[in-house]
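Step one of this worksheet: look at the structure below.
Protein chains in written order, with this note's numbering: chain G, 389 to 987; chain E, 389 to 987.
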């Protein structure tokens with residue numbers, strides 16, 4: 389079985405780049421240590437290697453299907469859900485009071501990274517359950533907590549996030565599912581939801597949908613959306629379960645991500661779908677954003693996981709596949725060489741490595757901000773929260789977009805074989821394509837970044853993040869081989885600031901349509917800078933480790949970091965030039981072109 | 389059924405941009421007229437619409453399979469092959485003396501564009517047969533012509549191009565299939581071939597492989613490769629056929645392109661595989677290059693066809709899918725708008741249109757050079773041949789690379805639905821991924837372009853092509869709205885020339901490894917300029933038509949051309965900036981990174 393991630397690199401990222409053990413000084417995480425984190429990594433590695441990766445291809449070839457109105461998934465999913473529950477994976481980040489272990493979000497995501505690299509589909513089940521349970525923990529009544537958390541944490545009941553509706557898509561404003569109050573403590577719900585990951589399957593006893601709907605008579609728009617628990621089977625009051633009028637209307641057949649089903653659900657066909665309000669009426673979207681923001685970091689990271697699997701898959705092939713000779717070698721009788729010796733194959737590999745390790749580091753950066761914000765008060769909470777908010781659309785979308793290109797580069801390494809199912813390259817290319825779509829398309833995150841986050845609190849979030857970046861630039865300037873890259877990044881940051889100011893002027897003078905028309909490109913520009921930042925950071929640490937004669941990391945490992953940083957600044961950072969030219973242009977071709985002129 | 393190409397645009401490209409009717413002044417094409425070309429377009433449209441597009445999804449869901457040692461394809465293929473034959477599609481470009489109609493290569497490819505846009509897999513069968521027959525016409529003995537051409541042209545016998553071997557892949561130098569001479573006029577062949585499109589199927593009576601092999605004792609390397617006709621069934625001398633010891637060892641399961649099978653063939657297991665030499669011994673590769681060069685233009689164009697189908701598919705959706713509101717519209721009770729009104733969706737559509745129409749035009753440009761070279765003598769032949777040679781790697785690879793991004797943009801328009809099989813977006817994204825791989829990977833074409841073509845005959849090819857580009861720049865400068873773009877392209881051309889000179893210096897001082905290490909990026913740079921050229925050309929003509937009050941083209945059509953030209957110069961041409969920065973850099977990170985340092 390080929391390698392699907394680098395444990396050495398993950399540990400380097402957690403320990404050397406982010407000093408994750410520092411989190412253990414915080415009261416909330418005090419029971420953990422650097423060693424206990426490593427043990428979780430080892431356990432996740434073992435689970436991923438022995439139980440998840442082993443069924444990836446099988447799952448791909450046999451996608452979920454509907455049988456008698458229910459969704460059937462891979463036969464191992466039942467045992468796996470039990471394992472995810474009993475071994476504490478689902479509840480690891482929950483508070484002690486809810487039976488959890490209070491593991492930092494950073495470690496939860498690191499563990500998710502390993503599992504998703506092994507088999508993205510399988511890890512969706514427990515991670516969605518964790519997210520849904522977290523919503524009940526945070527905003528649910530004691531009764532809801534008592535009814536749902538234990539079963540969800542045990543992997544007996546599946547949690548989901550049910551937002552999208554056929555007529556609304558990304559436009560949550562237009563949700564029409566309706567909840568009518570009753571005098572019995574529940575609402576009666578009617579509506580449809582689509583694209584519900586794990587919204588129905590036979591790998592567990594029940595499905596607990598955390599669902600958005602409007603209470604009858606609620607205000608229009610996003611201000612009238614409430615959050616409900618809508619189980620497939622509801623407690624019948626006699627220690628049993630009864631059907632809750634949540635029908636599986638169908639399954640979406642898709643190009644990858646075959647490990648998990650995506651369901652179409654219809655609620656209330658018999659007018660008997662009980663929905664239990666979470667928190668206050670009309671505040672559902674703000675609650676859901678807790679889950680969504682965490683899920684968005686997860687999406688960026690899962691895209692990175694798949695890119696990681698594709699990278700090691702192609703690296704292994706490049707080392708063993710013999711083809712061609714050095715360009716100077718004219719003797720056709722000399723043996724062929726491994727293709728990794730060809731410059732362009734190295735380029736394809738370094739590109740993948742730069743995306744994978746850079747994106748992993750960026751996601752961990754966001755996780756550290758999240759854990760810090762979650763366990764602090766006052767200014768520390770506020771500053772970390774702001775940096776997290778600003779970074780979230782970038783962490784979600786840039787790695788997702790780059791994962792398409794990165795898995796494509798992995799496929800390209802295989803030549804003609806890449807298009808075939810002899811190897812897994814094509815599987816990764818298909819699998820990762822979901823990540824620029826779910827949890828908000830890239831366009832939506834671009835608008836979130838430029839339209840909301842960048843100028844949030846008068847630009848404070850941006851200022852705070854820039855301070856962190858400048859601090860790392862200063863450190864990198866001390867390292868001779870990194871100094872030119874540090875200076876480049878400094879210039880790019882200046883350019884970004886100048887551009888942002890310019891765009892703010894556009895917003896004031898020309899309004900939001902013009903201001904946000906190239907927000908997707910702005911996000912890409914920001915993303916390149918963010919990864920450049922992470923590469924400077926990693927490079928600085930690798931250099932210092934190397935100088936100190938590291939005992940933990942091999943010379944090749946550290947040298948590889950430095951080369952990849954160099955690759956990123958040589959090949960990827962220059963892409964900001966074209967983006968900047970466009971972003972500064974006054975031309976408004978996309979706005980000026982009328983729909984009927986696109987034909 | 390959604391639109392898969394624009395007939396209006398194809399005719400605009402053929403007639404207004406390239407004045408294809410001018411070819412009819414040449415003796416070889418004198419039987420044709422502008423009207424007869426249009427009739428062929430209409431006939432291809434009808435065939436594609438009624439017979440090819442209708443089975444695309446069905447074919448995708450039911451890929452070819454092996455049964456009892458033979459490959460089974462879609463049941464319609466038998467009737468289709470007959471139709472391709474009887475209606476003259478296979479032989480249309482062949483000379484009268486071989487039963488053909490002497491249709492220009494330009495029109496053959498235009499027809500192929502329509503068919504591939506409808507269903508890429510199905511058109512591979514006749515087009516491969518045309519290419520294989522063309523080799524026999526050009527280099528085969530009278531006996532070979534008499535035996536094979538009629539059946540191939542009739543669609544009764546399938547032609548193939550059989551080059552790749554498992555141990556050699558792209559490295560044709562390392563082909564080991566061996567042909568041992570006999571005294572009976574044929575050779576006995578032993579060897580294996582992989583990735584043979586249509587190398588076996590039950591849609592026709594026989595397979596005629598045009599196969600590369602070494603005659604026993606031949607020189608090593610590419611100088612010892614010969615071309616053979618190796619039929620699956622050979623004439624038995626009694627007006628029948630007998631098995632020629634060509635076994636179907638297997639089929640490659642692949643991520644798309646399910647319409648056509650890709651076979652693994654083993655020849656000579658019973659030491660009874662007769663191979664018939666084509667032309668002279670050891671000259672096989674140069675003969676094969678005739679077919680390969682034509683096939684390479686075809687690949688670029690077929691990638692464009694799939695991008696075209698994806699474009700119209702997403703355009704249709706964008707016009708009908710309601711979601712969200714204008715950013716200024718805060719009233720959630722106002723109706724939702726078609727997503728085509730969102731700036732980022734327009735960007736995704738204009739990007740696709742720019743790639744599709746730009747690439748089509750570029751391919752037609754190459755075809756015109758080819759037809760002109762093929763039907764002229766002396767300087768005209770030489771200059772057109774040189775321009776064609778230079779352009780071929782660009783026409784093959786830039787559209788193939790961009791088709792990945794273009795179909796991906798098409799998929800993105802659909803949001804979450806793009807990942808599902810509800811629409812065809814994911815099919816096109818899978819289907820087109822073969823085109824950067826077969827007929828030479830992009831890396832190989834980059835090296836062909838920079839390492840061979842650019843400086844071919846002391847740079848004469850480059851000089852000649854530049855003259856054509858500069859002439860079109862001058863015309864565009866007369867049009868006010870295009871003048872700034874024309875000036876931009878002029879600058880980019882200067883930058884390209886300067887860069888090329890610089891790289892020639894690198895070649896001399898530092899050798900081929902350094903010189904060619906970023907040839908893939910050089911090809912991308914060249915490709916952007918080439919498409920910019922085509923957009924200037926199309927823009928100039930659209931403007932002039934518009935000014936003249938065109939009766940042939942609607943105002944929207946012409947305005948759309950101008951907007952898309954503007955899009956290309958605003959969003960795509962700036963990408964040359966980052967490429968140039970990297971291409972001028974002295975840093976050699978890919979070369980300096982040792983294989984063991986990629987981990």
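Every residue gets a Cβ at the ideal spot worked out from N, C-alpha and C, and that includes glycine.
Q | Reduced DSSP category for residue 892 of chain E - H, G, I as helix; E, B as strand; rest coil | A | helix
(Q) Using beta carbons (cut-off 8 Å, strictly below), is residue 947 of chain G in contact with chain E? (A) yes
Q.
Please state whether the Cβ-Cβ distance between residue 793 of chain G and residue 901 of chain G is less than 8 Å.
A. no
Q. Just the Cα atoms here: how many angstroms apart are residue 445 of chain G and residue 722 of chain E?
A. 47 Å
(Q) Just to make sure I have the definition right: I need the residues of chain E whose C-beta is within less than 7 Å of the C-beta of residue 969 of chain G. Which are they? (A) 962, 965
Q: Report the residue ranges of all beta strand (DSSP E) runs contained in full by the stretch 440-468 of chain E; include only those spanning at least 3 residues, in chain order.
A: 453-455, 458-460
Q. With a CB to CB cut of under 6 Å and the five nearest residues on each side skipped, what residues in its chain are close to residue 629 of chain E?
A. 621
Q: Determine the chain G residues that contact residue 640 of chain E at a beta-carbon separation under 9 Å, and present them in chain order.
A: 804, 805, 807, 808, 809, 810
Q: Quick one: using the 10 Å Cβ neighbour count with 16 as the cut-off for buried, is residue 677 of chain G buried or exposed?
A: exposed
Q: Report yes or no: do the stretch 404-421 of chain G and the stretch 744-761 of chain G share at least 3 C-beta pairs separated by less than 8 Å?
A: yes
(Q) Run through chain E and tell me which residues come within less than 7 Å of residue 792 of chain G, C-beta to C-beta. (A) 796
Q) Residues of chain G with a CB under 9 Å from the CB of residue 609 of chain E: which are they? A) 718, 719, 720, 721
Q.
So that I know if they touch, is there some Cβ in chain E lying closer than 8 Å to that of residue 735 of chain G?
A. yes
Q: Have a look at G:924, G:942, G:489, G:521 and flag the residue whose alpha-carbon is nearest the alpha-carbon of residue 868 of chain G.
A: G:924
Q) Can the beta-carbon of residue 686 of chain G be found less than 8 Å from the beta-carbon of residue 447 of chain G? A) no
Q.
Please report the distance separating the alpha-carbon of residue 511 of chain E from that of residue 783 of chain G.
A. 43 Å
Q | chain E contacts made by the stretch 899-912 of chain G, where a contact means CB separation under 9 Å | A | 899, 900, 901, 902, 903, 904, 905, 906, 907, 908, 909
(Q) At a CB distance below 8 Å, what residues from the stretch 547-563 of chain G approach chain E? Give them in sequence order. (A) 552, 555, 556, 557, 558, 559, 561, 562
Q | Sheet register partners of residue 407 of chain E (DSSP bridge) | A | DSSP lists no partner for residue 407 of chain E.
(Q) Would residue 830 of chain G and residue 911 of chain G qualify as a contact pair, given that the criterion is a beta-carbon distance under 8 Å? (A) yes
Q. What residues from chain E crowd round residue 955 of chain G, counting only those whose CB sits closer than 9 Å?
A. 977, 978, 981
Q: Can you check DSSP and say which residues form a bridge with residue 578 of chain E?
A: E:566
Q: Mind checking who residue 636 of chain G pairs with in its DSSP beta bridge?
A: G:653
Q) What residues from chain G crowd round residue 822 of chain E, counting only those whose CB sits closer than 7 Å? A) 807
Q. Counting pairs of Cβ atoms below 8 Å between the stretch 626-642 of chain E and the stretch 450-460 of chain E, do you hit three or more?
A. yes
Q: Please list, in chain order, all residues of the same chain as residue 726 of chain E whose beta carbon is under 7 Å from its beta carbon, the five residues on each side excluded.
A: 706, 707, 708, 709, 710
Q. Taking 8 Å as the CB-CB cut-off, is residue 694 of chain E touching chain G?
A. no
Q.
Just to confirm my understanding: we take residue 824 of chain G, look at its own chain, exclude 5 residues before and 5 after, and list those with CB closer than 6 Å. What are they?
A. 788, 789, 830
(Q) Using CA atoms only, rank isn't needed, just tell me which of G:561, G:812, G:806, G:899 is closest to residue 557 of chain E. (A) G:806
Q. Nearest CA to the CA of residue 502 of chain E: which residue from E:906, E:434, E:489, E:853?
A. E:434
Q: State buried or exposed for residue 438 of chain E, treating a residue as buried only when at least 16 other CB atoms are found within 10 Å of its CB.
A: exposed
Q) Within 8 Å (strictly less), CB to CB, does residue 728 of chain E reach chain G? A) yes
Q: Between the Cα of residue 983 of chain G and those of E:529, E:488, E:456, E:734, spot the shortest distance and give me the residue it belongs to.
A: E:734
Q: Put residue 659 of chain E into one of helix, strand or coil per three-state DSSP.
A: coil
Q) Counting Cβ pairs closer than 8 Å, one from the stretch 733-747 of chain E and one from the stretch 759-775 of chain E, do we hit at least three? A) no
Q. Among G:394, G:391, G:400, which one has its Cα closest to the Cα of residue 928 of chain G?
A. G:400
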